[in-house]
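Numbering of the sequence shown is given in the UniProt record's numbering, commencing with residue 1 and proceeding in unit increments. Note that the Cβ used here is the ideal one computed from N, Cα and C, for glycine as well.
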Amino acid sequence: MMTDFNEQLQERMIHYHTVTLGPLTRQGHATAEVTIEKEAEEPKLLHLLVPAGLPGERVTIAVEDPPKPRPGRRSRRWKPRPPRVWITEIHESSPERVVAPCPVFGTCGGCQLQHLQYERQLTWKREMVEELLREIGHFEQPPLLEAVACEIPWNYRNQMRFSINREGQPGLTARDTRRVLPLVSCPIAHERINRALTVLSQFENPRPQVIVRYGVGTGQMLLQPQQPEEVQQQLQEAGLTICDETMEEKLGGKTFRIRPSSFFQTNTPQAEKMVRMVLDGLLAHRPAEKDPAQLTIVDAYCGVGTFALLMAHHFGRIIAIEESPSAIRDAHWNARDINNIEILKGKVEDVLPGLSAQVDGFVIDPPRAGCQPVVLETLLRYPVERVVYVSCEPSTLARDLDVLCHGDETYQLVSVQPLDMFPQTAHIECVAVLERNKHENI
Ligand SMILES: C[S@@+](CC[C@H](N)C(=O)[O-])C[C@H]1O[C@@H](n2cnc3c(N)ncnc32)[C@H](O)[C@@H]1O
Numbered sequence: 001m002m003t004d005f006n007e008q009l010q011e012r013m014i015h016y017h018t019v020t021l022g023p024l025t026r027q028g029h030a031t032a033e034v035t036i037e038k039e040a041e042e043p044k045l046l047h048l049l050v051p052a053g054l055p056g057e058r059v060t061i062a063v064e065d066p067p068k069p070r071p072g073r074r075s076r077r078w079k080p081r082p083p084r085v086w087i088t089e090i091h092e093s094s095p096e097r098v099v100a101p102c103p104v105f106g107t108c109g110g111c112q113l114q115h116l117q118y119e120r121q122l123t124w125k126r127e128m129v130e131e132l133l134r135e136i137g138h139f140e141q142p143p144l145l146e147a148v149a150c151e152i153p154w155n156y157r158n159q160m161r162f163s164i165n166r167e168g169q170p171g172l173t174a175r176d177t178r179r180v181l182p183l184v185s186c187p188i189a190h191e192r193i194n195r196a197l198t199v200l201s202q203f204e205n206p207r208p209q210v211i212v213r214y215g216v217g218t219g220q221m222l223l224q225p226q227q228p229e230e231v232q233q234q235l236q237e238a239g240l241t242i243c244d245e246t247m248e249e250k251l252g253g254k255t256f257r258i259r260p261s262s263f264f265q266t267n268t269p270q271a272e273k274m275v276r277m278v279l280d281g282l283l284a285h286r287p288a289e290k291d292p293a294q295l296t297i298v299d300a301y302c303g304v305g306t307f308a309l310l311m312a313h314h315f316g317r318i319i320a321i322e323e324s325p326s327a328i329r330d331a332h333w334n335a336r337d338i339n340n341i342e343i344l345k346g347k348v349e350d351v352l353p354g355l356s357a358q359v360d361g362f363v364i365d366p367p368r369a370g371c372q373p374v375v376l377e378t379l380l381r382y383p384v385e386r387v388v389y390v391s392c393e394p395s396t397l398a399r400d401l402d403v404l405c406h407g408d409e410t411y412q413l414v415s416v417q418p419l420d421m422f423p424q425t426a427h428i429e430c431v432a433v434l435e436r437n438k439h440e441n442i
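Laid out in structure tokens, this is it:
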């Protein structure tokens, strides 16, 4: 049995192929096709994903045989993972290629696009959204705006989750594995977070991870788990202001308290623009006879109350809905001096169908999975003047817009605005504005 297993290990070889790379997938990897020929086996055509490659490039790739299950230990849950692929040589590079500044780019699972000119990252993201709106959303000519750039597309992340390896070193995990790549700096993390990471890397940290958050507008930093005395001291000596259980961040002129497990937008300068877009989306083209101070707006998936707080002085009443207990606690604290925000705890899909208030507009900012069908059904059953849909996953955005705008055509899609919250990565954020179709009466 042992001999068989050793034979299998030896069989897991690396094959080299010289190929011309195809288009980038939605995950930001280039594609390639190769034929694997083995003795006494039919030739096999493999469709591969090639990280850190660009369309049209002529490259040599290494393709590792995927692992096979150990004999006698085949689990029903075992699934072969796609073969690991990496570029070993670039023969003809794309004119859009730039030098990726990060030494672990291509291996690390964090960034996918550091090697692509930033301008091209933006057009690629717009193209992806357009494709998804056409294919999944069934919009023939989606009203898609140009992607809004991040002025400084580096060192923008105000929070990082670092994994800790067996030796206690912090880092990020290698793509498709749990292997930790120890790091003292990451080019998309805020400079203050990198300062903290440099300090942490001098100590043996407890597994499995450490979360570092930084308030760009306040200068406050929060680490979870809380650090021992000697680490805290070094962090302070590095010029960092460390908070205990909560920290604050500023956005749109307001201060938000945030606990470690509450969601908050990760790119503060882009979030400022996003808040403006949400407000404009609700206020623009409003029929003149309606005074915003008379309107009720629902902020669904409200987090710590980000949009709710910033909308509160424009509208008469805000109803905010959120399921996370820690975000709800923060939202209550953040709205403590504002008397026209009502915060409801629960899942949007449970709370919304039973809401008896007369609602005029919606802001929905769900997680990547998008909205549950019952949320969309409720929006169709009780159509409102305007919906602003903030999305961090354009495929689920396209799916949900298809439901809201097609079928009985309750809403019309006014605009979809890609906004680059996550430069150097394949993640795409969009703000979509929907208007109730004129023939729909409440
Ligand atoms: C993308 S975040 C948006 C938060 C907020 N709008 C902001 O900009 O800070 C999504 C939020 O929805 C919450 N959430 C996820 N699923 C939910 C559900 N089914 N019902 C209510 N809230 C949910 C999460 O806890 C998270 O706070």
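Would you kindly work out how many angstroms separate the C-alpha atoms of residue i and residue j, rounded to a whole number?
{"i": "Ile235", "j": "Phe162", "result": "Looking at the sequence itself, residue 235 is Leu, so the reference to Ile does not match. Those two C-alpha atoms are separated by around 16 Å."}
{"i": "Arg257", "j": "Val304", "result": "8 Å"}
{"i": "Val85", "j": "Glu57", "result": "15 Å"}
{"i": "Pro353", "j": "Pro394", "result": "25 Å"}
{"i": "Met13", "j": "Cys111", "result": "27 Å"}
{"i": "Leu434", "j": "Leu181", "result": "43 Å"}
{"i": "Lys273", "j": "Lys38", "result": "55 Å"}
{"i": "residue 459", "j": "Thr35", "result": "One cannot answer for residue 459 here, as it falls past the ends of the chain, which runs 1 to 442."}
{"i": "Ser185", "j": "Leu344", "result": "40 Å"}
{"i": "Leu419", "j": "Glu146", "result": "9 Å"}
{"i": "Gln227", "j": "Val199", "result": "11 Å"}
{"i": "Lys438", "j": "Lys290", "result": "16 Å"}
{"i": "Gly106", "j": "Thr255", "result": "37 Å"}
{"i": "Leu310", "j": "Val275", "result": "8 Å"}
{"i": "Ser415", "j": "Glu89", "result": "42 Å"}
{"i": "Gln169", "j": "Phe203", "result": "7 Å"}
{"i": "Ile341", "j": "Ala293", "result": "13 Å"}
{"i": "Glu230", "j": "Ile152", "result": "34 Å"}
{"i": "Trp154", "j": "Pro423", "result": "7 Å"}
{"i": "Ala331", "j": "Arg166", "result": "37 Å"}
{"i": "Arg195", "j": "Val212", "result": "11 Å"}
{"i": "Ile61", "j": "Lys125", "result": "26 Å"}
{"i": "Glu323", "j": "Arg381", "result": "23 Å"}
{"i": "His138", "j": "Glu377", "result": "19 Å"}
{"i": "Thr266", "j": "Gln27", "result": "20 Å"}
{"i": "Arg386", "j": "Gly361", "result": "5 Å"}
{"i": "Ala238", "j": "Met221", "result": "12 Å"}
{"i": "Val363", "j": "Thr123", "result": "26 Å"}
{"i": "Tyr16", "j": "Ala30", "result": "17 Å"}
What are the boundary residues of the alpha helix (DSSP H) that includes residue i?
{"i": "Thr123", "result": "Tyr118 to Glu135"}
{"i": "Asp330", "result": "Pro325 to Asn334"}
{"i": "Phe307", "result": "Thr306 to Met311"}
{"i": "Asp280", "result": "Thr268 to Leu283"}
{"i": "Thr25", "result": "Premise fails: Thr25 is in no alpha helix (DSSP H) and is neither H nor E."}
{"i": "Cys405", "result": "Pro394 to Cys405"}
{"i": "Leu380", "result": "Pro373 to Arg381"}
{"i": "Glu237", "result": "Glu229 to Glu237"}
{"i": "Cys251", "result": "Before going on, a small fix: residue 251 reads as Leu here, not Cys. Looking at the DSSP string, Leu251 is not in any alpha helix (DSSP H); the run it does join, the beta strand (DSSP E), is Met247 to Leu251."}
Ligand 2 and residue i: does any heavy atom of the ligand fall closer than 7 Å to the residue's C-beta?
{"i": "Gln159", "result": "No copy of ligand 2 occurs in the structure displayed; its ligands are ligand 1 alone."}
Consider the C-beta atom of residue i and the heavy atoms of ligand 1; say whether any pair is separated by less than 7 Å.
{"i": "residue 445", "result": "The structure shown does not extend to residue 445, since the chain spans only 1 to 442, so no value can be given for it."}
{"i": "residue 444", "result": "Residue 444 cannot be examined here, being either before or after the span of the chain that is shown, 1 to 442."}
{"i": "Gly303", "result": "yes"}
{"i": "Val348", "result": "yes"}
{"i": "Thr378", "result": "no"}
{"i": "Asp244", "result": "no"}
{"i": "Cys392", "result": "yes"}
{"i": "Gln265", "result": "yes"}
{"i": "Thr425", "result": "no"}
{"i": "Asp365", "result": "yes"}
{"i": "Phe307", "result": "yes"}
{"i": "Ala327", "result": "yes"}
{"i": "Ser395", "result": "no"}
{"i": "Ser94", "result": "no"}
{"i": "Arg324", "result": "The question names Arg, but residue 324 in the sequence shown is Ser. Yes, since a heavy atom of ligand 1 falls inside the 7 Å radius drawn around the Cβ of Ser324."}
Between which two residues does the beta strand (DSSP E) harbouring residue i extend?
{"i": "Lys44", "result": "Lys44 to Val50"}
{"i": "Pro182", "result": "Val180 to Pro182"}
{"i": "Ile364", "result": "Gly361 to Ile364"}
{"i": "Asp291", "result": "Counting along the chain, Asp291 falls outside any beta strand (DSSP E), and DSSP gives it neither H nor E."}
### Query
Are three or more beta carbon pairs between the stretch 383 to 390 and the stretch 314 to 325 nearer than 8 Å?
no
### Task
Determine, using beta-carbon pairs with one atom in the stretch 403 to 413 and one in the stretch 289 to 302, whether at least three such pairs fall under 8 Å.
no
### Sufficient close CB pairs (3 or more, under 8 Å) joining the stretch 93 to 101 to the stretch 130 to 145
no
### Query
Would you call the stretch 186 to 196 and the stretch 158 to 174 touching, i.e. three or more CB-CB distances under 8 Å?
yes
#### Entry: Sufficient close CB pairs (3 or more, under 8 Å) joining the stretch 202 to 216 to the stretch 238 to 255
yes
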